[in-house]
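Participant: So the protein sequences, as listed, match chains X and A. FYI, this note's numbering numbers position 162 of the first sequence as 164, with every residue one higher than the one before it. FYI, this note's numbering numbers position 116 of the second sequence as 443, with every residue one higher than the one before it. Glycine residues also receive a C-beta, built at the ideal position from the N, C-alpha and C atoms.
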Amino acid sequence: MNNILEVHNVVKRYSQHIALNDVSINIPKGVIFGLLGPNGAGKTSLIRIINQITGPDEGYVLFDGQKLSQKHIKEIGYLPEERGLYKKMKVGEQLLYLAQLKGLSEKQALEKLKEWFTKFDIKTWWTKNVEDLSKGMQQKIQFVATVLHEPQLIILDEPFSGFDPINADLIKNEILELKEKGSTIIFSTHRMESVEELCDHIALIDKSEKVLDGPKSEIKERFKTNTYNIKYSGELSTTSADFDIINTEQIEDNYSSSTIKLNTGTPVNQLIRQIIDQVELRSFGENIPTMNDIFKMVVNESID
Amino acid sequence: MKNILLILRREYLVRIKKKSFWVMTLMMPLLVSGFYALLFWGVFNSREVQRVSIIDESGSFTQKFKDSEKVKFEYLNLPLDSALGRLNQKRTDIVAMIPKDIVVEPSGLKIYTGKGVGFEIQGKIERIIQNEIRNVKLSKAGIDQKVLEDADVDVSSKVVVVSKEGEQKEQNTLASTVLGFITVILMFSTVIGFGMQVMRGVIEEKTNRIIEVIISSVKPFQLMMGKILGVGLVGLTQFTLWITLTFVLTTVSSSMLPSQQIAKAAQEQMSEMPQKDKDKIAKKVEQTPSDASKVMAFIQSAKNLNIPLIIGCFLFYFLFGYLFYASVYGAIGSAVDNETDTQQFMFPIMLPLLAGYLIGLMTAGQTDNKLLFWASIIPFTSPITMMSRLPFGVEPWELILSMSLLVISTFGMVWIAAKIYRVGILMYGKKPTFKEIGKWLFYKG
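Here it is, written out as C-alpha cells:
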C-alpha cells in the first residue's frame with residue numbers, strides 16, 4: 003500500500019450548503035502534501051473528516067489501507083489553524099496531558115518531551131503558565147503537542163502563521179526532518195511560497211470540489227505555457243512559424259526584453275539558434291508558472 | 328473510559344489547585360460553626376457587669392430595678408446633663424431616663440450609652456417598666472392581678488410522630504425546618520454553582536480553540552463527561568470537607584462550654600425574670616421554657632433527626648441533580664461563543680431550579696402538600712425539593728420513586744446534551760436559536 007490516506011468520494015453536507023462534493027484524494031506515504039484552496043472551499047471540512055471530528059455523509063476514508071477508525075487517532079497529529087491551549091495550565095502539565103490523550107503513557111510522554119524541550123532549548127518553560135508565553139512560544143508548544151506522539155500522518159493547518167522568520171525556519175526544518183523520518187505531512191496553507199518550497203504533491207479544492215491534484219512537478223509541467231523570456235541587444239523579429247514574439251520592451255541601455263512563445267513541436271535549441279542569428283543574447287529563461295499563478299489561474303477559471 | 332478518566336483528572340486537579348476552592352471550603356465550616364458558637368455564647372456567656380444608672384423622674388419605679396450578676400442598677404437624683412457626664416467619665420455604662428409622664432407616654436423612655444447597649448439589657452429595662460405600668464393601669468381599672476394571671480393561659484404543644492409500628496417520637500419541627508432550609512439552599516446554590524463551572528469550562532475550551540485539538544484525540548462525549556464528572560467530584564470533595572470540618576469545629580466549639588455552665592446560665596436567666604413570670608414558671612413547671620432551654624431543646628431534637636440518611640440523600644441528590652443540570656449547562660456552553668450569549672438560555676434552566684427552591688422553602692413542613700409531593704418526585708425539581716421533605720420523614724417508596732426517576736432522566740438528559748454538545752463545540756460566530764439547537768439533535772456523526 004503506497005497511500006497513507008485515501009479519500010473516496012466523500013460528500014459532506016451542512017444544512018445550508020455542501021461542504022465537500024464527491025471529493026477523492028490519494029496521499030502517498032512519505033510526502034509533504036499541500037492541501038490548497040481559497041477560504042471556505044472545504045479544506046477544514048476535509049481535515050475534520052480525516053481527524054474523525056466529523057464523519058462524511060457519503061464516501062469513506064482509508065488509512066493505510068484500512069477503514070479509518072478510532073484506533074487511527076494516535077497515528078494522526080493535528081495542528082488546527084486556530085491555535086489554542088489551556089491558558090492557566092503549566093506548559094509541561096499541558097503537554098503531558100495532551101500526549102496522554104493521544105495514547106502515550108505518562109512515562110513515554112515525559113521522555114519524549116524532554117527530547118523536544120532540549121531540542122528547542124525551552125526547558126525553562128516547563129513550569130510557566132501558557133498565558134505567560136508569547137504567541138510565537140505558544141505556537142512552538144502547540145507544534146510539539148502535534149508531533150510528540152510520533153504520528154504517521156501530521157496535518158498542519160497554516161503552520162507558519164504567527165511565527166517570525168527565524169522560528170518559521172525552525173519549524174520548516176522540523177517538518178522536513180519529520181518527512182525524513184517517514185511521516186507524511188498534510189500541509190494546508192494559502193502561502194504559495196511555502197507550497198513551492200516544501201510540497202511534493204498538491205491538491206486544490208475549490209467550491210467544495212477537488213479541481214486539481216498530483217505531484218507538484220507534474221502540475222507545473224501541465225500548466226507550462228511554453229513561453230520564454232530573453233534579454234538581448236539588437237533587433238528581433240519573427241523569422242519562422244516556430245515562435246511568436248508576444249511582447250517586447252526596451253530596458254536600460256541598449257537592451258531589450260521579450261517574451262517569446264514557442265510553438266508546439268519546436269525544440270528549444272532551434273529557437274536559440276534562430277535568435278542568436280539576429281541578436282546578441284544576454285539571458286534566456288523558461289517561464290515556469292509559480293504555484294501562485296496556477297492557484298489564481300485555476301480558481302479564477304472556476305469563477306468564470 | 329481511559330480518556331474520560333484522564334480528562335476527569337485534569338478538570339479535578341485544575342479546580343482543586345485553585346485558591347478560591349480552598350477559601351470556599353474553609354469559609355463555610357467556619358461560618359457554620361462560628362454561628363453555632365455564637366448561638367451558645369450569645370445566650371450563655373456572661374459578659375462583664377454593666378452599670379446602669381436610672382433617672383426616675385416619674386418616681387414610680389423605686390426599688391423596682393434589682394441587681395443581678397450581669398447588671399448593677401443605681402438610682403441617680405441628678406439632672407440628665409450631669410448623669411451623662413458620669414457616662415463620659417466611665418463611671419457608668421448606661422443611663423436610663425424615665426420621664427415624668429411615662430405612664431401616659433410609654434415611648435418616652437430614653438437609654439443613653441457610650442458604646443451601644445445589648446438587646447438583653449434594653450429588653451430588661453423595658454420589661455420592668457412595662458410590667459410596672461401595666462400593674463398601675465390594671466389596678467386603676469380595678470382588675471386584680473391574680474385574675475389576670477389566671478386568664479393568661481400559655482398554650483404550648485409538642486408534636487409527637489407516631490410511626491406505623493406504634494412507636495412515638497417527639498419531633499421538633501423547628502429543627503426539621505431549619506435543616507430543610509439549609510439543605511434546600513445548599514442544593515440549589517451548589518447545583519447552579521457547579522453547573523456554571525461546567526458551562527464556563529466548555530466556553531473556555533471553545534474560545535481557547537483547544538477544543539479542536541482535544542476532539543481530534545477523544546470523542547466529544549468523553550470530553551463532556553470527563554468535564555462534568557471532574558467538576559462533580561470537586562463538588563463531592565467540597566461537601567465531604569464541609570461536613571467533616573463542620574462536625575469537627577462544632578464539636579470543638581460546643582465542648583468548650585460544659586453542660587453545667589449551660590444549666591447555670593439557664594437558671595440565671597430565670598432568676599432575672601420578673602416575679603410574675605417566675606410564679607408562672609413555678610406553676611407550670613417547665614412548660615414555658617426559657618431561651619436557653621429552648622436552644623437546648625432545639626439542639627436535642629436536631630440530634631434526633633436521621634442525619635446520616637439526610638447526608639446520604641443529599642449526596643445522592645446532589646450527584647444526580649448536578650449531573651442532570653450540568654449536562655444542560657454543558658450543552659449551553661457548547662452552543663455559544665462567550666458567556667454573554669448564554670443569557671437567553673439561562674432562563675429556561677433557572678425556571679425549574681427556582682420553582683424547586685421556592686416550593687421547598689415555602690411549603691416546608693406541610694407533609695400533605697400535593698405540590699410539595701409532586702415537586703419532590705419530578706426530576707426537574709426533585710433534587711432540591713426533596714431536601715425540604717427529608718427531615719420530616721419521607722416514605723421509602725416515595726424516595727425510591729423519586730430517585731429512580733431522577734437517575735433515568737439524568738441519563739436521558741446527558742444523552743440529549745451530548746448530541747447538542749457534539750455539534751455546538753464546532754459552531755462559531757452566529758448565536759444559535761432554540762430551533763437550530765433542536766436541529767442539532769438530529770445531525771449525523
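Classify residue 161 of chain X as helix, strand or coil using the three-state DSSP reduction.
Facilitator: coil
Participant: How should residue 183 of chain X be labelled, buried or exposed, when 16 other C-beta atoms within 10 angstroms of its C-beta is the threshold for buried?
Facilitator: Sixteen is the threshold: since fewer than 16 other Cβ atoms of the shown chains lie within 10 Å of the Cβ of residue 183 of chain X, the residue is exposed.
Participant: Which of the three DSSP states is assigned to residue 206 of chain X in this structure?
Facilitator: Strand, per DSSP.
Participant: Mind listing the chain X neighbours of residue 537 of chain A? Cutoff is C-beta to C-beta under 8 Å, in chain order.
Facilitator: Under the 8 Å cutoff, chain X gives 86, 87 and 88.
Participant: As an exercise, report each continuous beta strand (DSSP E) stretch of at least 3 residues that is fully enclosed by the region 149-197 of chain X, in chain order.
Facilitator: If only complete runs of 3 or more residues are kept, the region 149-197 of chain X shows the beta strand (DSSP E) at 155-159 and 186-190, in order along the chain.
Participant: Using CA coordinates, which residue listed in X/236, X/130 and X/153 is at the minimum distance from residue 101 of chain X?
Facilitator: X/153
Participant: Could you tell me the distance, in whole angstroms, from the CA atom of residue 53 of chain X to the CA atom of residue 81 of chain X?
Facilitator: 11 Å
Participant: Can you give me the Cβ contacts of residue 550 of chain A inside the same chain, cut-off strictly under 7 Å, excluding the 5 residues immediately before and after it?
Facilitator: Closer than 7 Å at Cβ, skipping near neighbours: 334, 541 and 542.
Participant: Could you check the C-alpha separation between residue 696 of chain A and residue 456 of chain A for me, to the nearest Å?
Facilitator: Going by the C-alpha atoms only, they are around 45 Å apart.
Participant: Between which residues of its own chain and residue 555 of chain A is the CB-CB distance below 7 Å, once the five residues before and five after are set aside?
Facilitator: Correct list, in chain order: 525, 650, 653, 654 and 657.
Participant: Taking 8 Å as the CB-CB limit, is residue 41 of chain X close to chain A?
Facilitator: Judged by the 8 Å Cβ criterion, residue 41 of chain X is not in contact with chain A.
Participant: Cβ of residue 661 of chain A within 8 Å of Cβ of residue 518 of chain A?
Facilitator: no
Participant: Whole angstroms is fine: what's the gap from residue 531 of chain A's alpha carbon to residue 162 of chain X's?
Facilitator: 25 Å
Participant: Taking 8 Å as the CB-CB cut-off, is residue 150 of chain X touching chain A?
Facilitator: no
Participant: For the alpha helix (DSSP H) containing residue 714 of chain A, name the first residue and the last one.
Facilitator: 709-716
Participant: Answer yes or no: do residue 196 of chain X and residue 158 of chain X have a C-beta to C-beta separation smaller than 8 Å?
Facilitator: no
Participant: Compute the Euclidean distance between the alpha carbons of residue 611 of chain A and residue 477 of chain A, then round it to the nearest angstrom.
Facilitator: At residue 611 of chain A the pLDDT is 45, less than 50, meaning the model places this residue with poor confidence and gives no usable figure here.
Participant: Beta strand (DSSP E) containing residue 377 of chain A: first to last residue?
Facilitator: 377-383
Participant: Answer with buried or exposed for residue 553 of chain A, where buried requires no fewer than 16 other C-beta atoms within 10 angstroms of its C-beta.
Facilitator: If you draw a 10 Å sphere on the C-beta of residue 553 of chain A, you find 16 or more other C-beta atoms in it, and that means buried.
Participant: So if I threshold CB-CB distances at 9 Å, which residues from the region 102-120 of chain X count as touching chain A?
Facilitator: 102, 103, 104 and 105
Participant: Counting Cβ pairs closer than 8 Å, one from the region 167-179 of chain X and one from the region 263-276 of chain X, do we hit at least three?
Facilitator: no
Participant: Could you tell me the alpha carbon to alpha carbon distance between residue 264 of chain X and residue 273 of chain X, rounded to whole angstroms?
Facilitator: For residue 264 of chain X and residue 273 of chain X, the distance between alpha carbons rounds to 8 Å.
Participant: Whether or not the region 713-722 of chain A and the region 685-704 of chain A are in contact is what I'm after, with contact meaning three or more pairs of Cβ atoms, one per stretch, closer than 8 Å; do they touch?
Facilitator: Yes, since at least three Cβ pairs between the region 685-704 of chain A and the region 713-722 of chain A fall closer than 8 Å, the two stretches touch.
Participant: Specify, as a first and last residue, the run of the alpha helix (DSSP H) that residue 673 of chain A falls within.
Facilitator: 670-689
Participant: Less than 8 Å separating the beta-carbons of residue 39 of chain X and residue 206 of chain X?
Facilitator: Using a Cβ distance threshold of 8 Å, residue 39 of chain X and residue 206 of chain X count as a contacting pair.
Participant: By DSSP, does residue 424 of chain A sit in helix, in strand, or in coil?
Facilitator: strand
Participant: Residues of chain X with CB under 8 Å from residue 378 of chain A, in chain order?
Facilitator: The contacting residues do not exist; residue 378 of chain A stays about 59 Å from chain X at best.
Participant: If the cut is a Cβ gap below 8 Å, which residues of chain A does residue 161 of chain X touch?
Facilitator: Here the premise fails: no neighbours, minimum Cβ distance about 14 Å.
Participant: Can you say whether residue 767 of chain A is buried or exposed, counting buried as having 16 or more other CB atoms within 10 angstroms of its CB?
Facilitator: buried
Participant: Restricting to Cα atoms, I'd like to know which of X/198, X/127 and X/72 is closest to residue 293 of chain X.
Facilitator: X/198
Participant: How many Å lie between residue 465 of chain A and residue 472 of chain A at the Cα?
Facilitator: 7 Å
Participant: Residues of chain X with CB closer than 7 Å to the CB of residue 768 of chain A, please, in chain order.
Facilitator: Simply none; closest approach about 13 Å.
Participant: Where residue 616 of chain A and residue 558 of chain A are concerned, what is the direct C-alpha to C-alpha distance, given to the nearest angstrom?
Facilitator: Reliability fails at residue 616 of chain A, whose pLDDT of 45 lies under 50, so the model's placement of it is uncertain and no value is given.
Participant: How would you call residue 328 of chain X, buried or exposed, if buried means at least 16 neighbouring beta carbons within 10 angstroms?
Facilitator: What is shown of chain X runs 3 to 306, which leaves residue 328 of chain X out entirely.
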